[in-house]
C-alpha cells in the first residue's frame, strides 16, 4: 500500500493563477480531508468528504474547491491564488468505522508559495 | 473551537521526562496524538477514547480525563528521536473530523 499520496511536492504560483493539488489513497477509505498548515501553526481543515460525491466545508474553505468523483481521489482546486494561500497543504484519510482504532493518515504534503 | 495545548515549547535533556496537555471546551469522543518532524507529515501516535483510559506506546503514554475534557501525553526517559512538534486532535462532531491544537515543540538535547 502506498497510503496517501500527494502531488506536486512543491509549487510556486503567481497571484491570480489557478492550480489543482492532487490527493490519492489506496486504502479504500471513505473519509478524506484537506488541511493547510501555516508556519509554526496547527492544522486547519479546509474541506472534507465522507464518500464519493459528498463534500463539505471545513473551517477555512474560502478560495478553495473540491470534488470527489471516486473513493480514491480528492483533488483540491485553487482558482485565483493569493499570497494568503502560501502554506503547506496536507491531505488525510480514514476508514472511520472503528472509533477505537481509526485515525487519520496523512500524505507527505504540498508546499505552495504564491508570489 | 480549537483545543488548547500546553506548554507551547519544552526543552529536555536525554533521559528526562515531559508532559504535554490538551484541553477542550467541548465534550469529546476521542483524542488523537500526533508527532510531526520538521518538513514532514504528522505521524499518528495513539488514540484515546472517552472513558478515562490510559494507553502506552513504548515510553510514550497518554491519558484522557473525560470529566475535564483533557488529555495528557507522557514522554518518559526521552530520546533524541522524540524531538518534534506534538499535536492533539480532538473529535467531537461528525464525519470523524479532528480539530487540532497549535502544537507543542519538544526539543531533546544530548
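Chains as they are written, first to last, in the numbering used here: chain A, 172 to 286; chain B, 1178 to 1287.
Glycine residues also receive a C-beta, built at the ideal position from the N, C-alpha and C atoms.
If you're wondering where the values come from, they're calculated on a predicted model, not measured in any experiment.
Pairwise C-alpha distance: residue j and residue i
i	j	result
residue 282/A	residue 180/A	6 Å
residue 1244/B	residue 1180/B	15 Å
residue 1276/B	residue 215/A	8 Å
residue 1253/B	residue 263/A	29 Å
residue 1278/B	residue 231/A	15 Å
residue 219/A	residue 1190/B	40 Å
residue 1215/B	residue 1228/B	33 Å
residue 221/A	residue 234/A	21 Å
residue 1283/B	residue 1208/B	19 Å
residue 189/A	residue 183/A	11 Å
residue 250/A	residue 1241/B	42 Å
residue 258/A	residue 207/A	6 Å
residue 1193/B	residue 187/A	50 Å
Below-8 Å beta-carbon distance, residue i vs any chain B residue
i	result
residue 219/A	yes
residue 277/A	yes
residue 216/A	yes
residue 224/A	no
residue 187/A	no
residue 235/A	no
residue 176/A	no
Within-8 Å CB hit, residue i to chain A
i	result
residue 1209/B	yes
residue 1264/B	yes
residue 1188/B	no
residue 1218/B	yes
residue 1237/B	no
Cβ-Cβ distance between residue i and residue j below 8 Å
i	j	result
residue 243/A	residue 284/A	no
residue 1250/B	residue 1188/B	no
residue 248/A	residue 224/A	no
residue 1273/B	residue 265/A	yes
residue 1204/B	residue 1269/B	yes
residue 1221/B	residue 241/A	no
Residue i: contacting residues in chain B (beta-carbon distance under 7 Å)
i	result
residue 260/A	In chain order: nothing, as chain B lies at least about 11 Å away.
residue 265/A	1273
Chain A contact residues for residue i, given Cβ-Cβ distances below 8 Å
i	result
residue 1279/B	212 and 213
Chain-ordered neighbours of residue i on chain A, where CB pairs are closer than 9 Å
i	result
residue 1197/B	By Cβ distance, chain A contributes nothing, its closest Cβ being about 13 Å from residue 1197/B, past 9 Å.
Next item on the list: Starting from the N-terminal side, write out each stretch of the beta strand (DSSP E) that is 3 residues or longer and does not extend beyond the region 1216-1258 of chain B.
Entry: 1220-1226, 1231-1234, 1237-1242 and 1247-1252
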